[in-house]
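Chains as they are written, first to last, in the numbering used here: chain B, 1 to 191; chain L, 1 to 214.
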């Protein structure tokens with residue numbers, strides 16, 4: 001229940017913050033969120049996460065809001081307020097998401113639908129395993145080729161092998177998971 | 001499209017969430033009728049397969065590389081509804097677990113890439129295969145699914161400075177209108193679309209026989 005309530009609070013706050021237009025309120029709420037972020041015990045590397053947030057916001061600012069702000073000088077329009085409002089809002093939503101997602105057990109929060117929760121648990125588990133295997137494939141490929149001189153045919157063969165392998169693996173995983181779920185009474189409990 | 005939170009208005013993402021939830025529930029119920037108990041393992045394994053297709057990197061001149069989406073391949077091989085639900089799951093997990101793409105922009109990505117992309121890929125393939133050869137049809141469906149998905153995102157973003165402005169007429173969310181955002185998004189995605197077309201060709205032709213063997 002705790003996770004569902006936290007998810008609900010998160011969604012309400014997300015809608016509230018993304019509706020904010022006042023620079024003053026955005027500044028105050030960002031400071032509050034910043035404090036909460038550093039005071040609350042979170043199971044994440046806070047400094048690393050802050051760097052990631054600032055990098056992401058900075059990147060999108062440099063391609064969306066900053067050029068728009070600069071273009072304002074050419075049309076003699078002050079876009080300073082827009083620049084600050086959007087970037088503060090983006091920063092705030094990023095901190096909010098970081099805080100709540102590290103506090104919420106997403107699978108428990110979404111278990112109002114047993115099927116949805118099970119699907120997410122399975123996919124997130126498989127993604128970790130498959131990603132490691134995929135990385136092994138890529139490392140093996142790049143260690144055997146000179147990256148700048150990858151031939152078209154080599155790349156095609158690599159993609160064919162990878163796709164074929166993961167397709168077969170998916171088929172096996174699907175069947176194994178079905179049998180595992182059945183043997184553990186998932187379908188019996190569900191009906 | 002990895003657009004962060006803060007650029008899309010709640011008036012846009014809340015209805016998008018509603019449509020996304022409705023379509024996902026509809027497609028899930030549809031599978032449950034035919035696949036019954038095998039629905040969850042089938043969708044889970046195909047979602048992970050979609051995730052892998054999304055992570056295949058394609059080197060391009062200049063020392064960089066870009067990844068395809070795999071949407072057209074999944075859609076043509078397994079059907080547009082399977083593709084839609086798999087892509088939605090992958091995008092959702094990328095947003096909440098990996099921090100790629102925003103939570104508020106998730107439904108827009110899922111509807112454009114997952115729904116529109118899958119439908120365009122599948123039905124364009126059905127259409128073109130009647131008049132062109134298979135390789136060209138696959139390429140066109142991969143290319144079109146990418147470009148039209150991006151076009152939808154560009155339209156959603158471009159509508160913001162028209163609908164959401166302050167009292168002085170200045171934008172509150174995304175600042176650029178259609179005349180700027182459509183070419184700015186479509187032109188770079190021509191490369192992505194071309195790669196998606198090539199990947200679709202390669203993947204579908206490679207896997208088609210294996211699926212027919214089942």
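Where is the CB? At the ideal position from N, CA and C, for every residue including glycine. Please read all numbers here as calculations on a predicted model, not as lab measurements.
Any Cβ of chain B within less than 7 Å of the Cβ of residue i?
i	result
residue 44/L	yes
residue 21/L	no
residue 89/L	yes
residue 108/L	no
residue 118/L	no
residue 15/L	no
residue 49/L	yes
residue 188/L	no
Quick one: list the residues of chain L neighbouring residue i, beta-carbon separation under 9 Å, in chain order.
i	result
residue 115/B	28, 32, 39 and 40
residue 206/B	Nothing about residue 206/B can be reported from this structure: the residues present for chain B run from 1 to 191 only.
residue 60/B	2, 3, 4, 6 and 7
residue 178/B	37, 38, 40, 41 and 42
By the criterion of Cβ-Cβ separation under 7 Å, what are the contact partners of residue i in chain B?
i	result
residue 172/L	21
Check the Cβ-Cβ distances between residue i and every residue of chain L, and say whether any is below 7 Å.
i	result
residue 110/B	no
residue 123/B	yes
residue 31/B	no
residue 144/B	no
residue 75/B	no
residue 89/B	yes
residue 93/B	yes
residue 36/B	no
residue 50/B	no
Do you know offhand how far residue i's Cα is from residue j's?
i	j	result
residue 116/B	residue 128/B	19 Å
residue 122/L	residue 141/L	7 Å
residue 87/B	residue 33/B	15 Å
residue 215/L	residue 18/L	Because chain L is modelled from 1 through 214, residue 215/L falls outside the range shown and cannot be assessed.
residue 32/L	residue 124/L	27 Å
residue 185/B	residue 160/B	38 Å
residue 51/B	residue 136/L	45 Å
residue 126/L	residue 83/L	16 Å
residue 172/B	residue 181/L	44 Å
residue 53/B	residue 60/B	11 Å
Run down chain B in chain order and give the residues with a C-beta less than 9 Å from the C-beta of residue i.
i	result
residue 206/L	159, 160, 163, 164 and 167
Which residues of chain B have a Cβ atom closer than 8 Å to the Cβ of residue i, listed in chain order?
i	result
residue 210/L	164, 167 and 168
residue 183/L	Those within 8 Å of residue 183/L in chain B number zero; the least Cβ separation is about 15 Å.
residue 55/L	131 and 134
residue 93/L	120, 123, 124 and 127
residue 104/L	14, 18 and 93
residue 202/L	156, 159, 160 and 163
Output yes or no for whether 7 Å exceeds the beta carbon distance between residue i and residue j.
i	j	result
residue 178/L	residue 160/L	no
residue 80/L	residue 119/L	yes
residue 199/B	residue 93/B	Because chain B in this structure spans residues 1 to 191, residue 199/B falls outside the shown range and cannot be described.
residue 236/L	residue 101/L	The question about residue 236/L has no answer, for chain L in this structure spans 1 to 214.
residue 16/L	residue 47/L	no
residue 153/L	residue 112/L	yes
residue 166/B	residue 139/L	no
Name the DSSP bridge partner or partners of residue i?
i	result
residue 57/L	67/L
residue 32/B	None, per the DSSP bridge assignment.
residue 165/L	171/L
Strictly below 8 Å CB to CB, what residues from chain L border residue i?
i	result
residue 57/B	4
Using a C-beta to C-beta distance shorter than 7 Å, which residues of chain L count as neighbours of residue i?
i	result
residue 106/B	96
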